[in-house]
Structure formats: C-alpha cells, structure tokens
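In my numbering, the protein residues as written are 11 to 458.
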C-alpha cells in the first residue's frame, strides 16, 4: 500500500514538474533549451531508426506518386470566388439564383454596365457560358485588363455569366442531395434542355425587355446552346447572334486522352465508373497519377488536372506565370458529372452529335437558325478544325468560321492564353458589333 502511495505521489510530483516547465517555456521561450521534460521517455535507438526509415520510405514513395502543387498561400486571389474576384477587379457584380424545371438551383453572375469613354462596343445583353468542367470564374481569371467579360462590360454591355448544374456555384436542388447519384444523373443534354432555357427566361424577366440576347459559349457551353435550340426551336427568336469558341458537337477527329474512353463509353464497366466517379467526375479533382503518367508527358501538376488532361491542354512552363497558374489550378475543375464526360466520349466513338446512349437520335441542327460565328484553332486537340467545319455547315445560318493558325493555342487557351485579348477577344468583339452586317458571300466564306 505504501509503495502504491509513493508511486502515486511521484507521479503527481512529476506531472506538476512537467506542467511547471511547460508554463515556463510558454512564458519565457528563451528557456526552452534549458527545460527538458525529464518525464518523457527517451525513444530507444532501434525504434527511432525504424521510425526514421519509415518516414524516409514514405517520402520517397510520395515523391514518385504525388503531383507537384502550386502553393496558394502566396496567391490569395486564387482562392476567391467569381463575385469576390470581380469585386476585387473593381466591377459591379450581382449573384442571382435560377430554378430549373427539374429542380436544380443555378447561380448566375451579372456584371453591370461599366461603360468607359472611348471603349464603346454597344448596349448589348451578352450571356457567356463556360466549357467542360468549368464555371463563371473561368472567364475572369486573366484579370481586369484582359478578361472578355470585363472588356464587354466596359464597352457598355450587360454581361451575364452562367453556371451549369454540378459546378461549385450550382450544387443545389429542391429535393436531391449533392452526395446522391440521383443529383449527378445528367449530361450536357440536361444543361440544354433545362439550364439554359431557365437562364434565358430569368434574364428576360429581370430586364423586362424584348431585347435579344447575344450568346458566347466556350466548348461545352456551345454544346448546351445547340441542344437547347434544336430541342426548343422557339428559343431562336430570343437571340441576336451566337459566337462559339472551340465548340464541341461533332468529335470524330478529337484526339488526346479523351479518346481512351471511347471504347468503354457506351456501357461503362463498374471498374471504370469507380475510377472516374459514379456520379461526380473524379470528385477528388485529380486524375490518378498512373494514368496521367501513361498518357501525359507534361508536369504532374497539369497532367493530373482533369480538364487539362482530357483536353490535352498542357501548357509550356513559360506560358502561365505563377499567379495565373495558381488561379487556374484552383478554379478548375469546377465540377461536373461522369455522365457528361461519357456522353462526349460516345460522340467521339459514334462520330455523331446525338443523345446519351442513343446514337441514332441525333440533334436536329437544321432547327438552329440563330446566326452563328465559330472559332477554332489548329492547336486544339478536341475541337478540331475539321469537326468545327462540319458543324458550321450543319446549321441554318452560319456567318463565319474563324481559324486561328497557332499550334500552341489549345482548347483552354481561348480563355487563358495571356494573349487571348489580341488573338481571340478583339475578333469576338468585332463579330459581336458587326457580324450581322456581313454580306451573303462573306457569310459563307471560311476563314483560313
């Protein structure tokens, strides 16, 4: 009994001594080296060596398996939302919530007219729709001087930025949880069938005007627009002109890693769905490193990014500076469904523009009567010149097919190339202002 009491007393004494030393270190940090807690048991040398060996082994393994990342701590703007970035850039921004007929809640960002003297474009209403795995933020990552929405806004336009279901800004639903497979049961078909019509109706209601809308869509944004107008031809009357940047519809010549999925896309096996995500596409936002290393030769931090990987848009190191790189890698992918990716893969395989799992149900593009301008580049692996040209001749009112002859202008460079303002946007604005004035011969001329 006496021995136990002594042990308890020694334990209490030791505990108070340890607490006393910790308090001294807290109050007087300079004493830290002098006050070593004598109650801490020294790790035996063999155990310590085994622990160190384990850490070194793990570190070596992570170096070969994990991608390189960009530190966001030194780039605080990379963490900002669309509204925060626009506010930081000195723009008047509004966030609106749109309810679709099938219950999805979409965020719609609006940049109010901020006309600057000498920069007159026109008093147009312009709706911009992001591309594959993107969001409204994609359009403003180049900053206040070079981003297309800001150029349009300062030129007198009322600019609206759409967000498709499933991205960061559109993950609400009246009855389905975002973690359920039911929520993610959509492709770009539903974006054209439900999302865009709801956005158009909302804009018309807010503006309370018969003014026609001007549409600019990148990649999948153009796809959804074509689905909407071929499904609901009456919506053609609401648009003045449409401008497509690297549109995805016919994809028989698409290359890059997206082609890997084509043979498995029609009836995806369980293993593929587990790899890609059964609902949300790669929810951890990374392509598995072993796949990235096999099909991509660029730096890991780009190759594991789902959008850059699938589109084959791996930039040269000098193209994006540190700040722009941080913003892009933080904001993309913004989210999307595996079904959307598989739908595109099916179209690569079928060489048709058709509904999901129904390659014989092609979208009737002859019903799309809005005047349309298309942009493409010979550096784009998935929206190839020949496929865009096929789309151009499939619609009823083509205006122009403007080809940018630059093998370094990839699918995402229409948005994020540091020189996009000169290479792309100046021509976009020219078509927006004067495209409808082109004569009949010009309207059928293909720009090479």
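C-beta: ideal position from N, C-alpha, C; glycine also.
What residues match up with residue i in a beta bridge as DSSP calls it?
i	result
residue 227	139 and 254
residue 105	119
residue 182	115
residue 365	368
residue 249	223
residue 192	For residue 192, which the question treats as bridged, DSSP gives no partner whatsoever.
residue 290	347
Measure the C-alpha to C-alpha separation of residue i and residue j and round it to an integer number of angstroms.
i	j	result
residue 459	residue 440	Given a span of 11 to 458 for the chain in the structure shown, any question on residue 459 remains unanswerable.
residue 385	residue 216	31 Å
residue 247	residue 374	17 Å
residue 214	residue 339	34 Å
residue 318	residue 422	8 Å
residue 88	residue 426	14 Å
residue 283	residue 124	46 Å
residue 285	residue 292	8 Å
residue 101	residue 369	44 Å
residue 191	residue 133	43 Å
residue 235	residue 221	19 Å
residue 171	residue 131	18 Å
residue 382	residue 240	14 Å
residue 432	residue 177	29 Å
residue 397	residue 376	17 Å
residue 165	residue 360	42 Å
residue 149	residue 367	31 Å
residue 355	residue 321	12 Å
residue 6	residue 403	Because the chain is modelled from 11 through 458, residue 6 falls outside the range shown and cannot be assessed.
residue 420	residue 414	10 Å
residue 250	residue 238	15 Å
residue 301	residue 206	34 Å
residue 151	residue 294	22 Å
At which residues does the alpha helix (DSSP H) containing residue i begin and terminate?
i	result
residue 360	348-360
residue 161	158-164
residue 170	Not the alpha helix (DSSP H): residue 170 falls in the beta strand (DSSP E), residues 168-171.
residue 423	423-426
residue 444	436-444
residue 312	310-313
residue 92	92-98
residue 211	206-217
residue 320	316-321
residue 332	332-341
Residue i lies in the beta strand (DSSP E); which residues open and close that run?
i	result
residue 386	382-387
residue 120	114-121
residue 402	No beta strand (DSSP E) contains residue 402, which is instead part of the alpha helix (DSSP H) from 395-402.
residue 410	408-414
residue 372	368-372
Within 7 Å: the Cβ of residue i and any heavy atom of the ligand GDP?
i	result
residue 415	By its list of ligands, the structure shown contains no ligand whatsoever, and the ligand GDP lies outside what it can speak to.
Query raised in the report: Are at least three pairs of beta-carbons, each pair with one atom in the region 198-209 and one in the region 110-126, less than 8 Å apart?
Result: Note that the region 198-209 touches the region 110-126; at least 3 beta-carbon pairs, one per stretch, sit closer than 8 Å.
Query raised in the report: Is there contact between the region 243-263 and the region 328-345, where contact requires at least three CB pairs shorter than 8 Å?
Result: No contact exists between the region 243-263 and the region 328-345.
Query raised in the report: So, do the region 346-362 and the region 179-198 have three or more beta carbon pairs nearer to each other than 8 Å?
Result: Taking 8 Å as the limit for Cβ pairs, the verdict is that the region 179-198 does touch the region 346-362.
Query raised in the report: Using 8 Å as the threshold, is the region 308-317 in touch with the region 387-399, meaning 3 or more CB pairs across them?
Result: No, the region 308-317 does not touch the region 387-399.
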